[in-house]
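Sequential numbering of the sequence shown, starting at 1, is according to our numbering. Yeah, the Cβ is synthetic: ideal placement off N, Cα and C, and Gly gets one too. Since the structure is predicted, the reported quantities are computational estimates derived from the model, not experimental observations. The structure appears right after this line, and notes come after that.
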Amino acid sequence: MKWVTRDHVHMDRVAASWLIRRFIDREAEFSFVPFGSEHPLPQGEIPFGVPGVELGIHDEAGSTFRKILKKHKLNDPALDMLADIIESGIVHVFSQLDHGYTEVAALRYPEGIGLDAISQGMMFVAEGDIDDIQKSMVLYDALYQYCRGKLLEKRKPEILTVPHPQRWDVIRRELRATA
Numbered sequence: 001m002k003w004v005t006r007d008h009v010h011m012d013r014v015a016a017s018w019l020i021r022r023f024i025d026r027e028a029e030f031s032f033v034p035f036g037s038e039h040p041l042p043q044g045e046i047p048f049g050v051p052g053v054e055l056g057i058h059d060e061a062g063s064t065f066r067k068i069l070k071k072h073k074l075n076d077p078a079l080d081m082l083a084d085i086i087e088s089g090i091v092h093v094f095s096q097l098d099h100g101y102t103e104v105a106a107l108r109y110p111e112g113i114g115l116d117a118i119s120q121g122m123m124f125v126a127e128g129d130i131d132d133i134q135k136s137m138v139l140y141d142a143l144y145q146y147c148r149g150k151l152l153e154k155r156k157p158e159i160l161t162v163p164h165p166q167r168w169d170v171i172r173r174e175l176r177a178t179a
């Protein structure tokens, strides 16, 4: 399938692209329309992260990532946690724009601040939007595993008694066994 979003992809739309490729459409092709001139959209492509569409931009209904999760009924607690991290990153971005600072304690997941920093850096490293998505795939693969690991620690708190780095080995084995 062909998917379309605005150019200059950042955190939420890159994460949405990862979600599409990993869980919905492994052969997804992405195209981009200029930011600010999104309409009319190309026919026959599924729009996401664009104002006024079903899988639109982040708003009171959540991130584009979360909207895709809901539409495709991807019921995975680790993906939900990842959506929460992305949404914390979005809050951080707008806090920086509005106030010049972020109340870290007010964020559900402060990891969102780091995700924003890495996402901005990736925009500078990448040669364009497709390259950004490609280079970011491993980032979101790792963040997804991080979420799975944190949820495993909650389900099995005895893991927290294992000293580092052995704890990471235990978590890695458990995650691989349940992949």
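Let's see if you can read the secondary structure: which residues bound the alpha helix (DSSP H) around residue i?
i: Phe30; result: Unbroken run through Phe30 is the beta strand (DSSP E), Glu29 to Val33; no alpha helix (DSSP H).
i: Ala142; result: Asp129 to Arg155
i: Glu111; result: Glu111 to Val125
i: Arg22; result: Here Arg22 belongs to no alpha helix (DSSP H), and DSSP marks it neither H nor E.
What does the alpha-carbon distance come out to for the pair residue i and residue j?
i: Leu97; j: Gln120; result: 14 Å
i: Asp116; j: Gln43; result: 32 Å
i: Val170; j: Leu107; result: 29 Å
i: Ile130; j: Gln166; result: 37 Å
i: Tyr146; j: Met123; result: 22 Å
Look up residue i in the DSSP assignment and give the residues it is bridged to.
i: Val170; result: Paired residue(s): none; Val170 is not in a bridge.
i: Val4; result: Ser31 and Pro47
i: Asp59; result: Gly62
Would you call the CB atoms of residue i and residue j closer than 8 Å?
i: Val104; j: Ile90; result: no
i: Ile159; j: Phe30; result: no
i: Leu69; j: Leu79; result: yes
i: Thr64; j: His58; result: yes
i: Val50; j: Arg6; result: yes
i: Pro110; j: Ser88; result: yes
i: Glu45; j: Val4; result: yes
i: Phe35; j: His8; result: yes
Using a Cβ cut-off of 8 Å (strictly closer), state whether residue i contacts chain B.
i: Leu79; result: The structure shown contains no chain B, having only a single protein chain.
With a 10 Å radius around its C-beta and 16 neighbouring C-beta atoms as the bar for buried, classify residue i as buried or exposed.
i: Met1; result: exposed
i: Ser37; result: exposed
i: Tyr101; result: exposed
i: Phe94; result: exposed
i: Arg172; result: exposed
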